[in-house]
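In what follows, a single structure is set out as structure tokens and then discussed.
2 protein chains.
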Amino acid sequence: MTLDERKEKVLQAIIKDYISTAEPVGSRTIAKKYDLGVSPATIRNEMADLEELGYIEQPHTSAGRVPSERGYRYYVDCLMNKTRLNQEEERSILKGFSTKVQEIAAVLQLTNKIMSDFTSYTSMATGPNFKRSSLRHVQLVPLDHGKALVVLVTDNGMVQSKLIDLPNTINDVDLQKISQVMNAKLQGLNLEDIKQTLIREIYFELSKHRHFFDAAMDLIQETLNLNQEDKVYLAGALNMLNQPEFRDIHKVKTLLSLLEQDKVLKEILIESNTREDGVTVKIGGEHKVEGLQDCSTITATYQINGRVIGSVGVIGPTRMDYEKVVSIVEFMTRHLSQLMKDFYVR
Amino acid sequence: MTLDERKEKVLQAIIKDYISTAEPVGSRTIAKKYDLGVSPATIRNEMADLEELGYIEQPHTSAGRVPSERGYRYYVDCLMNKTRLNQEEERSILKGFSTKVQEIAAVLQLTNKIMSDFTSYTSMATGPNFKRSSLRHVQLVPLDHGKALVVLVTDNGMVQSKLIDLPNTINDVDLQKISQVMNAKLQGLNLEDIKQTLIREIYFELSKHRHFFDAAMDLIQETLNLNQEDKVYLAGALNMLNQPEFRDIHKVKTLLSLLEQDKVLKEILIESNTREDGVTVKIGGEHKVEGLQDCSTITATYQINGRVIGSVGVIGPTRMDYEKVVSIVEFMTRHLSQLMKDFYVR
DNA sequence: GTTAGCACTCTATCCTGTCGAGTGCTAAAC
DNA sequence: GTTTAGCACTCGACAGGATAGAGTGCTAAC
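In order, the protein sequences belong to chains U and H.
Residue numbering for the first sequence follows the numbering used here, starting at 456 and increasing by one per position.
Residue numbering for the second sequence follows the numbering used here, starting at 456 and increasing by one per position.
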């Protein structure tokens, strides 16, 4: 379904105006502010058509028009200028990244902070999925008092460690041997494979210490489950309170409750994960999650070596500045992919 | 300043009623609901006195009375029953703790969750301060690719590790030797001391590797600074939205912005830290932090071996159910002190 | 010292009328 | 055939006024 040029112009004008004012847009306003070269009456006719086609809606008889979900969708798909940020803006954003951070979590938090600041909406991100990255090193470090530390290091530099109790039957030499066996068998494998297949093999070799080994393996599994990918980061949730559509305390509560749930955020971010590239825009009811009828999300994935490993996004009211946010999200993922290289040790 | 018995009863009735209804309380209401054995007219006289003394206030001429900060203070100090929770309630709370958790952070988060659920207010906690706990073990674990892992274990079971780059000049044997020296010199010392004094001593002994040692020491320092005590936990912030005093979106925003800042929470929690024992109640303007005029906080400390190491608290409107919250906070810290013993390995 | 009664005050609420923005329709102009 | 001007109409926002009700303070009687 495609609209003729003038209808497009009218729709675009309505959306732009509504995005900036949050007030229903009347025919006179458009005629005055946007130079279409026709009178309000003509615009009224066009608006009546657009309404019939479902692109705009009227809150009540004597009010102006407001874009419908369908209208926004048409705008995003066909009308919006997909511009890159200008030099000035890019530089300004990059300045935010000037403080060096060591940890992936910190990078994502910083990214979020910057995104929410620059968009004035709320932003979110998932940690990188390292299931496909490989184990560089596993080591059992003996401590006193019958305790030991299990240390996992992956090739992207992620380190996880955990304290465990040792059974009395195990001594330091055993521990070293177990370390060796585990390293020999597991090193270089990706984490997913470790979980799936190789457990049996080590089981056999370490049958003598099976009891202890069970505990250690549980631990590794647990550690892997606690992977970065399960972490979800959120920033600028309170920006939502600045939006006039959230003047109602109940709406605020519903929305913030949703945003508090990692599960919900993850679902939103993962939906976009399927796409290899580019930016995903979901508008209002297009979300699978209940309770986001009044919101739109703009998400995109970031990559390492061309492989998608996580995503970031912005959530705002359906009356969102799509053009600006798309540019920012797109730029952020590009930059994030760049940054992630530093964490991925070849 | 102490009030006569009947004035106390009237004040108590006003506060109890206002706490539960959030509406200004009239003389008739008190005469009907609270059995003082006198007529509304008499109560009106008492109320006029109480107002003159500053314990209650009148929003406008023809409205009932509302407790003032001073009224709440008198209530908390003199009128409130300091009861323990009953068996039923204690059991119900303990049930929440039935899921075993391994990490201190998780314990505090769980504590917060339970506190906010049971009080319907917002709860907060600081992580334990382990500056005075001692180092059990420090180890440099060599990995491939010129990297090593620095692992710190303290006597309370806290484990911190970090990946570092090794200079080319260092080999595995050196590393082991450095580990040994560090352990010999540092083991058993409390973390504060390590930071302060002993650095020079090791410097001398390891002068050959001074360059590397600087890096490792920086790291240890950094790790120590990242101590649990700096972490602040928060739960149930959205409960505030259920309070009628926060029907106004601007108030909500101001408050939630405050609660977002770790610095603010820490300040509130640390104020109470000075007290050895017992529960601290701060009402409205008594807070040092700006912007908490409409809130009260109830905080208490938890201990290990009789030493205060952290605190938890609840924040709600000044019209808060002090009696209930004090009991809960008090019980939580008692239980928390108990739980913490498990993390403190003798 | 306590209470009943009463006049008074103030807010919340409802109703009403007015204003203005915006529309849809029609007929005239292009 | 398309565009425009004109006009009647609709509806929400807002202000003003009337009303009800909760609560008070005061006074006089008990």
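Quick reminder that beta carbons are idealized off the backbone N, C-alpha and C, glycines included.
Checklist line | Through-space distance from Asp572 (chain U) to Leu604 (chain U), alpha-carbon basis | finding: Against the first sequence, residue 604 (chain U) aligns to sequence position 149. Against the first sequence, residue 572 (chain U) aligns to sequence position 117. If you take the alpha carbons of Leu604 (chain U) and Asp572 (chain U), they lie about 41 Å apart.
Note to self: Counting C-beta neighbours from all protein chains within 10 Å, is the total for Val719 (chain U) 16 or more, i.e. buried, or is it exposed?
What the structure shows: The residue labelled residue 719 (chain U) in the question sits at position 264 within the first sequence. Buried, since its Cβ has 16 or more Cβ neighbours within 10 Å.
Check: Any idea what DSSP makes of Leu621 (chain H), helix, strand or coil?
Finding: Against the second sequence, residue 621 (chain H) aligns to sequence position 166. If DSSP states are grouped into helix, strand and coil, Leu621 (chain H) belongs with coil.
Item checked: Alpha-carbon to alpha-carbon, Val606 (chain H) and Leu590 (chain U) -> In the first sequence, residue 590 (chain U) corresponds to position 135, counting from 1. In the second sequence, residue 606 (chain H) corresponds to position 151, counting from 1. Approximately 19 Å between the Cα atoms of the pair.
Next item on the list: Assign Asn541 (chain U) to one of two classes, buried (16 or more other C-beta atoms within 10 Å of its C-beta) or exposed (fewer than that).
Entry: What you label residue 541 (chain U) is simply residue 86 of the first sequence in a count that begins at 1. That one is exposed.
Checklist line | Straight-line Cα distance separating Pro479 (chain U) from Gly492 (chain U) | finding: Taking the first sequence and counting its residues from 1, the one referred to as residue 492 (chain U) is at position 37. Taking the first sequence and counting its residues from 1, the one referred to as residue 479 (chain U) is at position 24. Roughly 21 Å separates the two Cα atoms.
Next item on the list: Rank H:Ile738, H:Lys796, H:Glu741 by C-alpha distance to the C-alpha of Arg762 (chain H) and give the top, closest one.
Entry: Position 307 of the second sequence, counted from the start, is the residue given in the question as residue 762 (chain H). Looking at the Cα atoms, H:Lys796 is the closest of the given residues.
Next item on the list: Could you round the C-beta distance between Asn536 (chain U) and Glu778 (chain U) to whole angstroms and report it? I think they count as a contact, below 8 Å.
Entry: By 1-based counting over the first sequence, the position of residue 536 (chain U) is 81. By 1-based counting over the first sequence, the position of residue 778 (chain U) is 323. Correct: roughly 6 Å between the Cβ atoms.
Next item on the list: Under 7 Å Cβ to Cβ from Gln513 (chain H), same chain only, skipping five residues before and after it: list those, please.
Entry: Residue 513 (chain H) sits at position 58 when you count from the first residue of the second sequence. The residues are Glu506, Arg520.
Check: When you check each C-beta in the segment 703 to 728 of chain U against every C-beta of chain H, which residues fall closer than 9 Å?
Finding: Asp703, Ile704, His705, Val707, Lys708, Leu711, Ser712, Glu715
Next item on the list: Please say whether Tyr527 (chain H) and Ile485 (chain H) have beta carbons closer to each other than 9 Å?
Entry: The residue you call residue 485 (chain H) lines up with position 30 of the second sequence. The residue you call residue 527 (chain H) lines up with position 72 of the second sequence. Not in contact: Ile485 (chain H) and Tyr527 (chain H) (Cβ atoms no closer than 9 Å).
Check: Which partner residues of Gly771 (chain U) appear in the DSSP bridge assignment?
Finding: Your numbering for residue 771 (chain U) matches position 316 in the first sequence. Its beta-bridge partners are U:Ser751.
Margin query: DSSP has Ile738 (chain H) in a bridge; who is on the other side?
Written below: Stepping through the second sequence from its first residue, residue 738 (chain H) is reached at position 283. Answer is H:Ser751, bridged to Ile738 (chain H).
Note to self: Here's a check: name, in chain order, each residue in its chain whose Cβ is nearer than 8 Å to the Cβ of Glu463 (chain H), leaving out the five neighbours to either side.
What the structure shows: Here residue 463 (chain H) corresponds to residue number 8 of the second sequence, with the count starting at 1. Closer than 8 Å at the Cβ level, and outside the excluded window around Glu463 (chain H), lie Cys533, Leu534.
Next item on the list: Could you pull the start and end residues of the alpha helix (DSSP H) that Arg499 (chain H) belongs to?
Entry: In the second sequence, counting from the first residue as 1, residue 499 (chain H) sits at position 44. 495 to 508 is the extent of the alpha helix (DSSP H) around Arg499 (chain H).
Margin query: Please report whether the beta-carbon of Val636 (chain U) lies at a distance below 9 Å from any beta-carbon of chain H.
Written below: Numbered from its first residue, the first sequence carries residue 636 (chain U) at position 181. By this cut-off, Val636 (chain U) is not an interface position.
Next item on the list: Using 10 angstroms around the beta-carbon of Leu621 (chain U), count the other beta-carbons present and answer buried if the total reaches 16, otherwise exposed.
Entry: For the purposes of this step, residue 621 (chain U) is taken as the residue at position 166 of the first sequence. Under this definition Leu621 (chain U) is a buried residue.
Margin query: On a Cα-Cα basis, can you pick out the residue from H:Pro699, H:Glu785, H:Ser712 that is closest to Ala692 (chain H)?
Written below: Taking the second sequence and counting its residues from 1, one reaches residue 692 (chain H) at position 237. Ranking the options by Cα distance to Ala692 (chain H), first place goes to H:Ser712.
Notebook entry, point to check: Using the C-alpha atoms, what's the distance from Arg774 (chain U) back to Ile474 (chain U)?
Noted result: Here the question's residue 474 (chain U) lines up with position 19 in the first sequence. Here the question's residue 774 (chain U) lines up with position 319 in the first sequence. Approximately 5 Å between the Cα atoms of the pair.
Next item on the list: Answer with yes or no whether the minimum CB distance from Asn623 (chain H) to chain U is below 9 Å.
Entry: The residue you call residue 623 (chain H) lines up with position 168 of the second sequence. It does not; no Cβ of chain U falls within 9 Å.
Notebook entry, point to check: If you draw a straight line from the C-alpha of Gly481 (chain H) to the C-alpha of Ile511 (chain H), how long is it?
Noted result: Residue mapping note: residue 481 (chain H) aligns to position 26 of the second sequence, counting from 1. Residue mapping note: residue 511 (chain H) aligns to position 56 of the second sequence, counting from 1. Roughly 12 Å separates the two Cα atoms.
Note to self: In whole angstroms, give me the CA-to-CA distance for Leu644 (chain H) and Thr609 (chain U).
What the structure shows: Counting from 1 along the second sequence, the entry for residue 644 (chain H) is found at position 189. Counting from 1 along the first sequence, the entry for residue 609 (chain U) is found at position 154. In a straight line, the C-alpha of Leu644 (chain H) is about 32 Å away from that of Thr609 (chain U).
Checklist line | Glu543 (chain H) burial status per 10 Å Cβ neighbour count (16 or more: buried) | finding: Taking the first residue of the second sequence as 1, we reach residue 543 (chain H) at position 88. By the 10 Å Cβ count, Glu543 (chain H) comes out exposed.
Notebook entry, point to check: Would you call the CB atoms of Ile759 (chain H) and Lys737 (chain H) closer than 9 Å?
Noted result: Counted from its first residue, the second sequence places residue 759 (chain H) at position 304. Counted from its first residue, the second sequence places residue 737 (chain H) at position 282. No, they are not a contact pair.
Next item on the list: Taking Ile619 (chain H) as the reference, give the member of H:Lys632, H:Pro597, H:Gln631 with the closest Cα.
Entry: Numbered from 1 along the second sequence, position 164 holds the residue referred to as residue 619 (chain H). Measuring from the Cα of Ile619 (chain H), the nearest candidate turns out to be H:Pro597.
Next item on the list: Let me know the secondary structure DSSP gives Gln758 (chain U) once reduced to three states.
Entry: Your numbering for residue 758 (chain U) matches position 303 in the first sequence. It is a strand residue.
Margin query: Tell me which residue opens and which closes the alpha helix (DSSP H) that Met570 (chain U) is part of.
Written below: For this step, residue 570 (chain U) is matched to residue 115 along the first sequence. Here the alpha helix (DSSP H) through Met570 (chain U) covers 559 to 574.
Notebook entry, point to check: What does Leu794 (chain U) reach in chain H if we use C-beta pairs closer than 7 Å?
Noted result: Locating residue 794 (chain U) in the first sequence gives position 339, where the first residue counts as 1. Within 7 Å Cβ-Cβ: nothing; Leu794 (chain U) doesn't reach chain H, min ~17 Å.
Next item on the list: With Ser578 (chain H) as the anchor, note down where its beta strand (DSSP E) starts and where it stops.
Entry: Taking the first residue of the second sequence as position 1, residue 578 (chain H) is located at position 123. That run of the beta strand (DSSP E) goes 577 to 581.
Margin query: Taking 9 Å as the threshold (beta carbon to beta carbon), is Leu747 (chain U) in contact with chain H?
Written below: The sequence position of residue 747 (chain U) within the first sequence is 292, counting from 1. Output row for Leu747 (chain U): interface = no.
Checklist line | Buried or exposed by the 16-neighbour rule on C-beta atoms within 10 Å, applied to Val628 (chain U) | finding: As a position in the first sequence, residue 628 (chain U) is number 173, starting the count at 1. Exposed, by the Cβ-count rule.
Next item on the list: Out of H:Glu460, H:Leu549, H:Glu715, state which residue places its alpha-carbon closest to the alpha-carbon of Thr788 (chain H).
Entry: One-based indexing of the second sequence puts residue 788 (chain H) at position 333. It is H:Leu549.
Notebook entry, point to check: Under the DSSP definition of a beta bridge, which residues are partnered with Val531 (chain U)?
Noted result: Within the first sequence, the letter at position 76 stands for residue 531 (chain U). Partner(s): none; Val531 (chain U) has no beta bridge.
Notebook entry, point to check: Closest to Ser792 (chain U) by CA distance: which of U:Gly771, U:Ile770, U:Ser766, U:Ile783 is it?
Noted result: To locate residue 792 (chain U), count along the first sequence from 1; it is residue 337. Of U:Gly771, U:Ile770, U:Ser766, U:Ile783, the residue nearest in Cα terms is U:Ser766.
Next item on the list: Work out the CA separation of Glu741 (chain H) and Gln748 (chain H) for me, nearest whole Å.
Entry: Indexing the second sequence from 1 puts residue 748 (chain H) at position 293. Indexing the second sequence from 1 puts residue 741 (chain H) at position 286. When rounded, the distance between both Cα atoms is 8 Å.
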